[in-house]
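Chains A and B supply the protein sequences, listed in that same order.
For the first sequence, the numbering used here assigns the number 167 to the initial residue and increments by one for each residue that follows.
For the second sequence, the numbering used here assigns the number 15 to the initial residue and increments by one for each residue that follows.
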Amino acid sequence: EAGVTQFPSHSVIEKGQTVTLRCDPISGHDNLYWYRRVMGKEIKFLLHFVKESKQDESGMPNNRFLAERTGGTYSTLKVQPAELEDSGVYFCASSQGLAGVPQYFGPGTRLLVL
Amino acid sequence: AQSVTQPDIHITVSEGASLELRCNYSYGATPYLFWYVQSPGQGLQLLLKYFSGDTLVQGIKGFEAEFKRSQSSFNLRKPSVHWSDAAEYFCAMEGGSQGNLIFGKGTKLSVKP
């Protein structure tokens, strides 16, 4: 069974540009989560989808971040326009069931905004 | 407020030595608890989880963790460390809202030959 995959693995962009990150969850997992780790800090929750609906987006830092999960399969996270403080590693995770745990994580996308 | 604390940022142990990584949590009830490991260049891998029941849980790669309610702790242990265990270890707790995880800052483990 394939695990959670993320694309790209790395992205280097300039401040003001747009970047779109993609996450493909484990097949059959209704729950999909986005997390972010800024350098030197802990991994922090961004948002949670159940199928195609946003269950909780309380962790999204501001309206420059837009997440979608069309059809309840893969998800995208767009940052527009990117700022320097958006640099970090963006993790996606997926899980089954109402409890939402345990979560299985992807390898992450390393984003560097210059 | 709900939180997870990993007091050790970096630990170095000799290969073959025992290991204990500390984790303390703050939560109003008994949380779901997890340990994840991130090897260099890799994603987060689930080592073990505690939901309820037996307070000593076994995980993959020879790791175990013990839940102690009285100490609000969930420390990770391994009796004999291998060089391949060098990685960053994260303790996490379910935050109460369908699985949103609250992480500690991580402990980086170095293994001396």
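Even for Gly, the Cβ is constructed at its ideal location relative to N, Cα and C.
The residue among A:Lys-217, A:Arg-202, A:Tyr-270 with its C-alpha nearest the C-alpha of Leu-243 (chain A) is A:Arg-202. At a cut-off of 9 Å, the C-beta of Val-170 (chain A) has a neighbouring C-beta in chain B.
Against Lys-119 (chain B), the close residues of chain A are Lys-207, Glu-208, in the order they occur along the chain (beta-carbon pairs closer than 8 Å). Chain A has a Cβ within less than 9 Å of the Cβ of Leu-58 (chain B). Residues of the segment 35 to 51 of chain B with a C-beta atom less than 8 Å from some C-beta of chain A are Tyr-46, Phe-48, Tyr-50, listed in chain order.
Secondary structure of Gly-76 (chain B) (DSSP, three-state): helix.
Inclusion of Gln-246 (chain A) and Thr-184 (chain A) in the CB contact set at 9 Å is warranted, their separation being smaller than that value. Along the segment 54 to 81 of chain B, going in chain order, the ones with a CB nearer than 7 Å to a CB of chain A are Gln-56, Gly-57, Leu-58, Leu-60, Lys-63.
If you compare the alpha carbons of B:Phe-88, B:Ser-84, B:Pro-54 with that of Phe-65 (chain B), the shortest gap goes to B:Phe-88. From the beta-carbon of Glu-108 (chain B), the residues of chain A found nearer than 7 Å are Val-267. The C-alpha of Ala-79 (chain B) is placed about 12 Å away from the C-alpha of Tyr-50 (chain B).
A contact between stretches requires three or more CB pairs, one per stretch, nearer than 8 Å, and the segment 191 to 199 of chain A fails this requirement with the segment 18 to 37 of chain B.
In its chain, beyond the 5 residues on either side, Tyr-201, Gly-225 have a beta carbon closer than 6 Å to the beta carbon of Phe-211 (chain A). Nearest C-alpha to Leu-62 (chain B) among B:Val-125, B:Phe-77, B:Asp-68: B:Phe-77.
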